[in-house]
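Residue numbers (this note's numbering): 6 to 558.
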């Protein structure tokens with residue numbers, strides 16, 4: 006969600022005489038000046054999840070199935086670890102959707118420090134904007150007609166004043182009694198109705214009071230808007246329309262100010278809150294982990310070998326069981342190449358879908374750029390080696406021409422033809438400047454054909470780059486200190502190292518948080534999948550060094 010183009014600051018005191026009263030105008034949020042400490046509870050909760058998976062990892066090495074089941078069950082009854090198995094509660098769709106909405110909103114506030122709400126900006130030619138504008142115009146036309154009657158009618162004006170009064174009261178803290186009493190006295194609807202019956206309503210005076218009160222309540226960023234209202238020479242109807250516009254901005258400021266103050270509170274309790282909220286959703290909808298289970302199951306089936314060769318420690322015909330860390334790491338890497346058209350995203354990743362899609366789109370573009378550069382350097386060879394400025398120009402040019410390649414209407418084949426033509430022109434220019442012969446038509450045709458061939462899934466250059474990108478992300482996920490490895494990209498990916506490091510940092514951050522929140526649910530799913538058969542599991546399959554370091558972390 007994109008945000009307001011407004012400055013979100015705490016409203017300041019206007020004068021010393023009313024300072025105590027105006028302090029009561031601020032939303033009273035708990036702990037609104039505190040910030041999360043470096044030793045947050047998320048670290049402890051993350052270690053709880055790792056402990057769960059480590060104990061489960063050690064369980065898979067035993068040949069006693071009953072003992073494994075008993076150990077896992079007892080372990081999952083510990084703090085932070087147990088997805089409830091109580092019977093589903095009867096609930097309405099609205100209740101479930103409210104829980105999902107609360108979870109999504111809290112997650113956005115926690116992970117996106119720039120998150121704030123944006124007023125609805127309807128498309129210029131949309132039917133909704135037409136309807137809204139017509140309704141608003143009808144309202145203000147009625148108000149204008151009533152006030153211009155002889156004698157004036159005040160029915161619409163009274164409804165307007167009543168709504169403004171409720172908005173102003175909504176800005177107050179419960180303790181702002183003096184201001185509350187003043188607003189109720191000045192905007193006393195019963196008194197205004199009596200004045201209306203006697204044609205004695207001072208609309209201009211009420212508007213002046215409302216503007217003055219708004220000036221006391223608004224954030225400093227709205228001072229200019231309040232000044233324009235005070236100096237306005239428009240008629241009463243236009244003035245009230247502008248008052249409502251500024252009130253809408255003030256409501257948005259208040260919501261975003263509240264979000265800013267709520268963020269540190271949520272950050273301290275984020276893991277427990279999201280896990281508890283998801284648990285409540287799971288209790289109401291028992292199938293809320295179906296897609297997550299399918300995701301993990303497909304990875305487990307891929308990792309399970311057919312049989313263990315004879316001559317090794319396992320008995321003939323026994324399957325080597327991968328550990329839970331290995332299963333999860335492979336599952337997380339698979340998320341990077343998720344096909345959203347074939348199957349829905351796992352439920353545990355729904356709140357990060359937008360971020361995951363962006364990472365995936367960026368990686369597709371960076372991979373294509375890297376593939377093009379590899380083809381260029383392998384085809385042309387020596388004359389363009391050791392020219393970083395040329396490589397940078399080709400990289401920027403290719404990136405621009407392939408921008409938006411994730412869009413359904415993007416024609417990759419056509420774009421690559423344009424990329425090839427531009428690259429040939431740039432190469433010929435560079436070669437002739439350094440007294441090399443220009444590319445022959447045959448070589449240009451070969452280069453163009455090879456570049457355009459990366460649209461084929463079985464293209465060897467494409468396969469190589471995609472495999473090494475997967476290796477890079479697997480290395481980061483398996484390493485207990487991935488931040489130190491961000492710059493260590495595999496051979497052949499040097500051209501996109503800065504971009505890979507950026508995407509790697511973003512993805513690892515999402516994975517670590519996701520693991521902290523949903524680790525117990527993943528452990529429960531893996532336990533059920535691995536122990537669903539009647540035959541006991543054999544020894545855990547050997548794991549690489551990076552994997553062992555994660556398991557022992």
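Just so you know, even glycine gets a beta-carbon here, dropped at the ideal spot from N, CA and C.
Counting C-beta atoms within 10 angstroms of its own C-beta, residue 401 has fewer than 16 neighbours from the protein chains shown and is therefore classed as exposed. Per DSSP, reduced to three states, the secondary structure at residue 206 is coil, with no helix or strand assignment.
Nearest Cα to residue 436 within the set 395, 471, 119 and 333: 395. Distance from the CA of residue 474 to the CA of residue 495, rounded to the nearest whole angstrom, comes to 8 Å. In the three-state reduction of the DSSP assignment, residue 494 falls in the coil class, being assigned neither a helical nor a strand state. Sequence-distant partners of residue 247 (beyond 5 residues in either direction) whose C-beta falls short of 8 Å from its own C-beta, in its chain, are 233, 234, 237 and 239.
When the alpha-carbon of residue 360 is set against those of 512, 439 and 375, the nearest one is in 512.
Within the DSSP bridge table, the entry for residue 405 names no partner. Of the other Cβ atoms in all chains shown, 16 or more fall within 10 Å of the Cβ of residue 457; this residue is therefore buried. Here the C-alpha atom of residue 227 lies approximately 20 Å from the C-alpha atom of residue 184.
Nearest Cα to residue 189 within the set 203, 211, 205 and 202: 211. Within the same chain, and ignoring the five residues on either side of residue 142 in sequence, no residue has its Cβ closer than 7 Å to its Cβ. Fewer than three beta-carbon pairs drawn from the stretch 484-501 and the stretch 446-456 are found closer than 8 Å, and the two stretches are therefore not classed as touching. Between the beta-carbon of residue 335 and that of residue 308 there is about 6 Å, and that keeps the pair under the 8 Å contact cut.
For residue 444, no alpha helix (DSSP H) run applies, since DSSP gives it neither H nor E. Secondary structure at residue 305: helix, using DSSP grouped into helix, strand and coil.
By the Cβ test, the stretch 462-477 is in contact with the stretch 362-376, since at least three Cβ pairs between them sit closer than 8 Å. Taking a 10 Å sphere around the C-beta of residue 338, we find 16 or more other C-beta atoms and assign the residue as buried. Rounded to whole angstroms, the separation of the alpha carbons of residue 414 and residue 349 is 22 Å. With fewer than 16 other CB atoms across the displayed protein chains lying within 10 angstroms of its CB, residue 345 is exposed. The straight-line gap separating the alpha-carbon atoms of residue 431 and residue 371 is approximately 20 Å. Non-local C-beta neighbours of residue 220 in its own chain, meaning closer than 6 Å and more than five positions away in sequence, comprise 231, ordered along the chain.
The closest CA to that of residue 480, considering only 383, 454, 462 and 509, is found on 509.
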